[in-house]
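These notes concern the structure reproduced below.
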Amino acid sequence: MKAQKIAIMLYATIKSILLRIGLTGRVSLLMVKGALPPTIALGMYRSPKVATVYGNFGFLISLASILSLHLQPRARFQQNIALATLLTCLAAAVSILSHFSGLQARKHTEALGQSRGSYNSSASVVNAIFLCFVIWLVSALRAAWPKVTIPFLICTIYSIVAITNGPEVRSEHKSLVLCKQLLLCYLTGFGISTAVSLLFFPITSRSVFLDGSHRFVMLCRDLLTKERDMLKAMDNRGDSEEARKVEYAKQATAMKTSAMTMLGSMSALREELSYAKREVAFGVI
Numbered sequence: 001m002k003a004q005k006i007a008i009m010l011y012a013t014i015k016s017i018l019l020r021i022g023l024t025g026r027v028s029l030l031m032v033k034g035a036l037p038p039t040i041a042l043g044m045y046r047s048p049k050v051a052t053v054y055g056n057f058g059f060l061i062s063l064a065s066i067l068s069l070h071l072q073p074r075a076r077f078q079q080n081i082a083l084a085t086l087l088t089c090l091a092a093a094v095s096i097l098s099h100f101s102g103l104q105a106r107k108h109t110e111a112l113g114q115s116r117g118s119y120n121s122s123a124s125v126v127n128a129i130f131l132c133f134v135i136w137l138v139s140a141l142r143a144a145w146p147k148v149t150i151p152f153l154i155c156t157i158y159s160i161v162a163i164t165n166g167p168e169v170r171s172e173h174k175s176l177v178l179c180k181q182l183l184l185c186y187l188t189g190f191g192i193s194t195a196v197s198l199l200f201f202p203i204t205s206r207s208v209f210l211d212g213s214h215r216f217v218m219l220c221r222d223l224l225t226k227e228r229d230m231l232k233a234m235d236n237r238g239d240s241e242e243a244r245k246v247e248y249a250k251q252a253t254a255m256k257t258s259a260m261t262m263l264g265s266m267s268a269l270r271e272e273l274s275y276a277k278r279e280v281a282f283g284v285i
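Sequential numbering of the sequence shown, starting at 1, is according to the UniProt record's numbering.
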């Protein structure tokens, strides 16, 4: 009996601590879901057969799986992953063009009899111009459409890795092999994150919207409570004028904070509603 009481007390203590820090079952599942894609990617890369396919760029698999933001609701994730795949393919095409231009610059500036493995400043300059242009263009597009910052960031990383290796490329075949290997790493990471997002503890935009609606209602109630307390502070004639002003300022600050929180929640609900309306699912009403 004594051991049973100790076990019950220990369980209650641990449960209260977890509730105090907000570590619920849902949060624990989300933590596991967040760690799954890079863990799967690194576990795959430890195999010699897999490492032979991806070469020295296997770390990009885990990077792509993390940057795809698989913890997002299903509709938003699918939109981002589709755009990221398209932009990555475009970045691969631009990288091949950069390598080809660098090879042509090398071809027209190398002296007769010079080794093709030597450094060529013209090829480096051409690749540097392409890299600066790509980074400028992607940064401008990110500023124009902040909602799709992550897909643009993913294609920027691809361009940086591919184009910076351009001066070391000596033939069109090596350029194609390099870009294909990088593209395969990215697409593998996208595939892993998609499987984890859709199969392990999937989150729908509708469920996020409903949870946000409940939170919005609670914030409205809290705002009304803060307003009532502020009106009471204004009508409290028993205290001195100075004490009443201090209490009124305190309640007004609390009401302002509550109102700003409610407006932020309403803005998030409006944004999530656009994804929830476009989401398609099977279910029973």
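Cβ atoms here follow ideal geometry from the backbone N, Cα and C, with glycine treated the same way. From a predicted model like this one, the values you see are computed outputs, not experimental measurements.
- Per DSSP, the unbroken alpha helix (DSSP H) holding H99 starts and ends at 74 to 109.
- In the three-state reduction of the DSSP assignment, R206 falls in the helix class, which pools H, G and I.
- In the structure shown, T188 adopts helical secondary structure according to DSSP, grouped into three states.
- Judged by pairs of C-beta atoms under 8 Å, the region 89 to 101 does not touch the region 73 to 81, as fewer than three such pairs exist.
- Assigned with DSSP and collapsed to three states, W145 falls in coil, not helix or strand.
- Look at L23 here: in three-state DSSP terms it is coil, with no helix or strand label.
- The beta carbon of N165 is closer than 8 Å to those of L178 in its chain, skipping five residues each way along the sequence.
- The Cβ atoms of L30 and F201 lie closer than 9 Å to each other.
- If you draw a straight line from the Cα of V126 to the Cα of V134, it comes to about 13 Å.
- Rounded to whole angstroms, the gap between the alpha carbons of V169 and Y158 is 16 Å.
- Under the three-state reduction of DSSP output, F201 falls in the coil class, being neither helix nor strand.
- Our two residues, G58 and I160, have alpha carbons roughly 16 Å apart in a direct line.
- Going by beta carbons, L63 and G264 fall outside the 9 Å limit.
- The Cβ atoms of S68 and A84 sit closer than 9 Å to each other.
- At least 9 Å separates the beta-carbon of S171 from that of H70.
- Note on R26: under 16 other CB atoms within 10 angstroms of its CB, so exposed under the neighbour-count rule.
- Put simply, the backbone Cα of I81 is about 19 Å away from that of Q181.
- The Cβ atoms of A276 and R206 lie closer than 9 Å to each other.
- Going by beta carbons, L87 and P151 fall inside the 9 Å limit.
- Counting only residues of its own chain and dropping the five nearest sequence neighbours on each side, Y186 has a CB closer than 7 Å to the CB of L60, A64, T88, Y158.
- A straight-line Cα-Cα distance of about 10 Å links V280 and T204.
- Annotated as proximal: A123 and L103, with beta-carbon spacing under 9 Å.
- For R278, the closest C-alpha among the options Q79, S16, V32, R46 is that of Q79.
- L42 has its alpha-carbon roughly 31 Å from the corresponding atom of L97.
- Annotation for T261: L219 place their beta carbon closer than 7 Å to its own, counting only its chain and skipping 5 residues before and after.
- In the structure shown, R228 falls within a helical segment according to DSSP collapsed to helix, strand and coil.
- A residue is called buried when at least 16 other Cβ atoms come within 10 angstroms of its Cβ; M234 does not meet this threshold and is exposed.
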